[in-house]
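Asks: Mind looking over this structure? Questions follow.
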């Protein structure tokens, strides 16, 4: 063991630089020697052999023996190493034999000890010359393991200390040391091993010092921020142009305003698409190979440093070094996560940094937090980032003693957001970003740096200014765009002072631009316009003369933005002058051309408008919007000259030829500047393609195969299940979910046919029946649509706030995770463990919910998924090229229908008059009649659209007297052809990201493709498109039967309609006789909470028969009139007032006679007498008793019927009474 670990021999030698002294035998006395104390009488072969081995291992030439006897020194002797075997006679040992034996043992060990960092036992029996070698199991801990671990630690240190390039071997030895060393007894050793191992991973990346500078500058991040700022400039310009039209005053319509709806909207940058997770296909730019390796090294180092901190004691050098390494890893990995768009992970790392740092005075970390919140301003959906944050937060560190006292407000706000991850407004993120960046500038200890990632002050100041500029400008622009102009102006004015103090000219220029935008929005007279123009002019001059280091793309974009704002300001000022100052007399002229002062001012403004727009076009010659603005400027000038020519003609007979020529030149220039060829935006983005289905197929953790191996097989099984099904928009495709282990992801846009998402879900549910190791999760644009379908049977605790990651399909049934119902957002991994674990309580939904969802899926599987039901095949008469495209690309029919259905009328008229892609043949005989399969939804969309044939189709359309089937085929073919033409003139892409016009152009241009006629047959019957009253009644009956199945208790109440009507009458009777106070009659609690059901069938039977409930109930009920009499007349007075009663009876008879002759009696319906139905005109001359309840209910029902289902007085009264 000493041969492997080294020797503990004490070596003596002279200091370097001292003169050498030759001893009596001619040996250099400065040679290193060792001192051995020995008794001359006991100096034997073993002692000499031990000394000789020490000298050989340490490369010593001599040994000094100090002889003693009973503690008294007897003398010294210098002996050469090679003379040690011959100190005494005979020879004590054979040095050559020792070398041979050692070589043999080492060769034996080298041959058999082949596993790195393993424990071996080497033994030799005392009675035998054989050597035995044993390898211990790796999972067996022995007393020798700690020794071996220490051996691995020392060997790894020797490899690293000797600058050996075999770093991998050192890492394996350090790892084995951490596994084998006794960490409980020697925690410092384990912590030092962790420190050394983690350092080997990151040392090469930190050696040059370029990593810290690269992360601080964040080139990738600044590029993304530049794209975001460019989007902000475009949005701000559009907002200014839109705002200028909203004052409600009539203005001259400019050419740009007229053409603006034809100009395609600026496409979102790729950054904006993948930053909020809204598109699965758009992913962040991948890391380069060296960057990916760098990220992997820091991730491994992070885990090792965190493990070491759990062992080390605080306030030790090892603890400090481990903490420095951990902070560096968090900082670097946060930047990598930001670059990859994993903002939740980056946010978690940043907040771990804030918790571990001794103070909040570390500018690198503050700027990192500011950049993260700037990035979060573009986020629209927080769910995926919340999951990333929760996953990263699972790593826990040993609690550390904190010395921080006061926590800044921006840290508190950021931590509050991290705790909930709810969607907050953009302003809160901007406030945090500005405060975090400002904390760098106002910090009293801003020199604090991360120990392993220190940067210079100049580079730090540059990053500080850039981050503060982005945050402050975005915040100010947010105030302006959101309509808080006063606050935005004050903010901009303060920003001017701030950025001037730190020497940031670029930010100061943007502040001036914002002040100009605010002034332009509030300009209602010339002073306001001059103030805006002055601000823009000053900003443009500062931008041209500024020497600030700015990105060239950003400088050019800002210059174009200012030029276009100047163009807008001068144009608006010109229109204002033309509207408000044109009342001056024409002869109040200021030049020889008879221009009035107002006209001259307008002309000057429009010329400046033209000049600025031309300057902007010179910087961006490919911009379609800028070309339209140049054309608009020419148009406004030509309109001014044309107006002036008209006034001249009205006053003078002569015509200014030069002015007319100038007017024509501007008209021609406007036509020349207009981008006649541009990519049109065919469909309103807000109306098409927003309904989507997103699904996840989660594999059980015990699955033998990886997700990548499942993806192809699952996709093929889905394709087999859905073979022949015609999708309205696009099919369901699966891919491996990169951000979730053991999961597949699928997303499809369903368009207008929502049944597609049920068909896809039914197919996925069929997969869960076949594969018991998968769990499916589905949602659409509305969220958990399975819960929406089963809304009638939802448990009370389940609501939209806590339904995330709780709804799954597994083994053909609906599963609802009911554990922890109060938890607002359950982690996906936890929810899956509840669903898949056999030891957990069952998560299967209750029978009613499961039945509702499965019935809907069964309907999609047995009805919608069937081609003969869902498909509608029709005859269509098409141009040959269109028939070829539909045959080669069957799915193009769906997009052609969508293009036709969502066409913009004016644009469709222009495009379909030319038919550039699909010219219409010259004769009807050249047209092709073929069968085209559509979905029922597509057929309804095309059939029900009123669309007159464009001019190119007039000569091929059949005459009105032609056969109806031929006319229908020609009409449908014409509509589909126009839809395909509109599709080819748009930028619509398929689900693979390829533009349809490219695919269609390739199909048309392929000479090998020929149209193959198919057998013709009559078109499918479209009677399903038209609903008859009988069909509607059948559908209502079917829905009513389903409701009765869901609520069987309603059946028990059938036949009680009479009681319900009597209840209605009694409620009114009670209401009339109740006592009231100054606040009115308050309904009783029983009335307001009564559970009253209403059966329409029973009601109609009662009304037809004329029986109000049971006969016994009618006979036994007390008459309201009798109750009314009892209320006013006490029964005890009857005997005393008999005469009065007789007189009253006579009076009442006379009143009855008068009422009988009036129309009042006919307004009441008498109840039928028992066994005698009501017969019209059966009047025997007597007053029949009136049933007040019957008339009351009849009148109430008539009043309700007249409301036509809307709110009215009777329904409101009944609701207040609790009915």
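Numbering (the UniProt record's numbering), first residue to last: 1 to 1219. We put the CB at the ideal spot given by N, CA and C, even for glycine. Here the structure is a predicted model, which is why all the values come from computation and not from measurement.
(1) Just to confirm my understanding: we take residue 1227, look at its own chain, exclude 5 residues before and 5 after, and list those with CB closer than 7 Å. What are they?
(2) In the stretch 476 to 559, which residue ranges form an unbroken alpha helix (DSSP H) of at least 4 residues, counting only runs that do not cross its ends?
(3) May I ask you to list the residues that DSSP assigns as paired with residue 93?
(4) Could you work out which residue in 578, 607 and 612 is closest to residue 598 when comparing CA atoms only?
(5) Output yes or no for whether 8 Å exceeds the beta carbon distance between residue 606 and residue 637.
(6) With 16 other CB atoms within 10 Å as the buried threshold, where does residue 506 fall?
(7) In the DSSP assignment, find the alpha helix (DSSP H) that holds residue 770 and state where it starts and stops.
(8) Please identify the residue among 1148, 1071, 1064 and 1070 whose C-alpha is closest to the C-alpha of residue 1194.
(9) Does the beta-carbon of residue 691 have 16 or more other beta-carbons within 10 angstroms, so that it is buried, or is it exposed?
(10) How big is the Cα-Cα spacing for residue 1148 and residue 1154?
(11) Classify residue 469 as helix, strand or coil using the three-state DSSP reduction.
(12) Which residues in the same chain as residue 630 place their Cβ atom closer than 7 Å to its Cβ, once the five residues preceding and following it in sequence are excluded?
(13) In the structure shown, what three-state DSSP assignment does residue 269 receive?
(14) For residue 747, which residues does DSSP report across the bridge?
(15) From the DSSP output, read off the bridge partner residues of residue 73.
(16) I need the straight-line Cα distance from residue 492 to residue 516, nearest angstrom please.
(17) Have a look at the DSSP bridge pairing and note the partners of residue 871.
(18) Tell me which same chain residues have a C-beta within less than 7 Å of the C-beta of residue 55, skipping the five on either side of it?
(19) Give the DSSP bridge partners of residue 37, in chain order.
(20) Taking the Cβ atom as the reference point for each residue, do residue 929 and residue 877 lie within a distance shorter than 8 Å?
(21) Taking buried to mean at least 16 other C-beta atoms within 10 Å of its own C-beta, is residue 1005 buried or exposed?
(22) Assign residue 146 to one of three DSSP states: helix, strand, or coil.
(23) Between which two residues does the beta strand (DSSP E) harbouring residue 121 extend?
(24) Tell me the DSSP secondary structure of residue 113 in three-state form.
(25) Using 8 Å as the threshold, is the stretch 1009 to 1017 in touch with the stretch 881 to 900, meaning 3 or more CB pairs across them?
(26) Under a three-way DSSP split, which group does residue 1000 fall into?
(27) Excluding the 5 residues flanking residue 758 on each side, which residues of the same chain have their C-beta closer than 6 Å to its C-beta?
(28) Any idea what DSSP makes of residue 344, helix, strand or coil?
(29) Would you kindly check if the distance between the Cβ of residue 13 and the Cβ of residue 32 is under 8 Å?
(30) Output the boundary residues of the alpha helix (DSSP H) element that contains residue 319.
(31) Can the beta-carbon of residue 123 be found less than 8 Å from the beta-carbon of residue 132?
(32) Using alpha carbons as the reference points, say which of 145, 296 and 174 lies closest to residue 155.
(33) Which whole-angstrom value is the C-beta distance of residue 467 and residue 437, which I expect to be below 8 Å?
(34) Please state the DSSP three-state secondary structure of residue 983.
(35) Considering just the uninterrupted stretch of the beta strand (DSSP E) at residue 810, what are its terminal residues?
(36) Counting only runs that start and end within the stretch 868 to 928, where is the beta strand (DSSP E) found for 3 or more residues in a row?
Replies: According to the structure data:
(1) Outside the displayed range of the chain (1 to 1219) lies residue 1227, so it cannot be described from this structure.
(2) 485 to 502, 505 to 521 and 526 to 545
(3) Indexing the chain shown from 1 puts residue 93 at position 93. According to DSSP, which records beta bridges pairwise, residue 93 is partnered with nothing at all.
(4) The residue labelled residue 598 in the question sits at position 598 within the chain shown. Minimum Cα distance to residue 598 is reached at 578.
(5) Residue numbering aside, residue 606 sits at position 606 when the chain shown is read from its first letter. Residue numbering aside, residue 637 sits at position 637 when the chain shown is read from its first letter. Yes, these two residues count as a Cβ contact at 8 Å.
(6) Your numbering for residue 506 matches position 506 in the chain shown. Buried: at least 16 other Cβ atoms inside 10 Å.
(7) Along the chain shown, one-based indexing puts residue 770 at 770. 755 to 770 is the span of the alpha helix (DSSP H), which, as asked, contains residue 770.
(8) Indexing the chain shown from 1 puts residue 1194 at position 1194. For the residues 1148, 1071, 1064 and 1070, the minimum Cα distance to residue 1194 belongs to 1064.
(9) Translated into positions along the chain shown, residue 691 becomes position 691. Label assigned to residue 691: buried.
(10) One-based indexing of the chain shown puts residue 1148 at position 1148. One-based indexing of the chain shown puts residue 1154 at position 1154. Cα-Cα distance, rounded: 10 Å.
(11) Position 469 of the chain shown, counted from the first residue, corresponds to residue 469. Looking at residue 469 - three-state DSSP - the assignment turns out to be helix.
(12) Translated into positions along the chain shown, residue 630 becomes position 630. Correct list, in chain order: 613, 614, 617 and 673.
(13) The count along the chain shown starts at 1 and reaches residue 269 at position 269. Annotation note: pLDDT 41 at residue 269 (below 50); position unreliable, coordinate value reported separately. Residue 269 falls in the coil class under three-state DSSP.
(14) Residue 747 sits at position 747 when you count from the first residue of the chain shown. DSSP lists 694 as partners of residue 747.
(15) By one-based count along the chain shown, residue 73 stands at place 73. According to DSSP, which records beta bridges pairwise, residue 73 is partnered with 68.
(16) The sequence position of residue 492 within the chain shown is 492, counting from 1. The sequence position of residue 516 within the chain shown is 516, counting from 1. Each residue's alpha carbon lies about 10 Å from the other.
(17) Here the question's residue 871 lines up with position 871 in the chain shown. DSSP lists 935 as partners of residue 871.
(18) Along the chain shown, one-based indexing puts residue 55 at 55. Cβ within range, chain order: 34, 63 and 81.
(19) Here the question's residue 37 lines up with position 37 in the chain shown. According to DSSP, which records beta bridges pairwise, residue 37 is partnered with 66.
(20) Counting from 1 along the chain shown, the entry for residue 929 is found at position 929. Counting from 1 along the chain shown, the entry for residue 877 is found at position 877. The answer is yes: Cβ separation under 8 Å.
(21) Taking the first residue of the chain shown as 1, we reach residue 1005 at position 1005. So residue 1005 ends up on the exposed side.
(22) Within the chain shown, numbered from 1, the residue matching residue 146 stands at position 146. Of the three classes helix, strand and coil, the one that applies to residue 146 here is helix, per DSSP.
(23) Residue numbering aside, residue 121 sits at position 121 when the chain shown is read from its first letter. It spans 120 to 124 - the beta strand (DSSP E) in which residue 121 sits, taken as one unbroken run.
(24) Here residue 113 refers to the residue found at position 113 when the chain shown is read from its first residue. Of the three classes helix, strand and coil, the one that applies to residue 113 here is coil, per DSSP.
(25) yes
(26) Your numbering for residue 1000 matches position 1000 in the chain shown. If DSSP states are grouped into helix, strand and coil, residue 1000 belongs with the helices.
(27) Numbered from its first residue, the chain shown carries residue 758 at position 758. So the qualifying residues of the chain are 860.
(28) Along the chain shown, read from residue 1 onward, the residue named residue 344 stands at position 344. Residue state, collapsed to three classes: helix.
(29) Sequence index remark: in the chain shown, residue 32 carries index 32 (1-based). Sequence index remark: in the chain shown, residue 13 carries index 13 (1-based). Yes, the pair counts as a contact, with Cβ atoms nearer than the cut-off.
(30) Taking the first residue of the chain shown as position 1, residue 319 is located at position 319. Note, residue 319: alpha helix (DSSP H), 317 to 339.
(31) Here residue 123 corresponds to residue number 123 of the chain shown, with the count starting at 1. Here residue 132 corresponds to residue number 132 of the chain shown, with the count starting at 1. It is a contact, given that the beta carbons lie within the stated cut-off.
(32) For the purposes of this step, residue 155 is identified with residue 155 of the chain shown, where counting begins at 1. Residue 174 is the option with its Cα nearest to residue 155.
(33) As a first step, residue 467 must be located in the chain shown, where it is residue number 467. As a first step, residue 437 must be located in the chain shown, where it is residue number 437. Right, the Cβ-Cβ distance comes to about 5 Å (below 8 Å), so this counts as a contact.
(34) Here residue 983 is taken as the residue at index 983 of the chain shown, counted from 1. Helix, per DSSP.
(35) Here residue 810 is taken as the residue at index 810 of the chain shown, counted from 1. Where residue 810 is concerned, the enclosing beta strand (DSSP E) stretches over 807 to 810.
(36) 871 to 878
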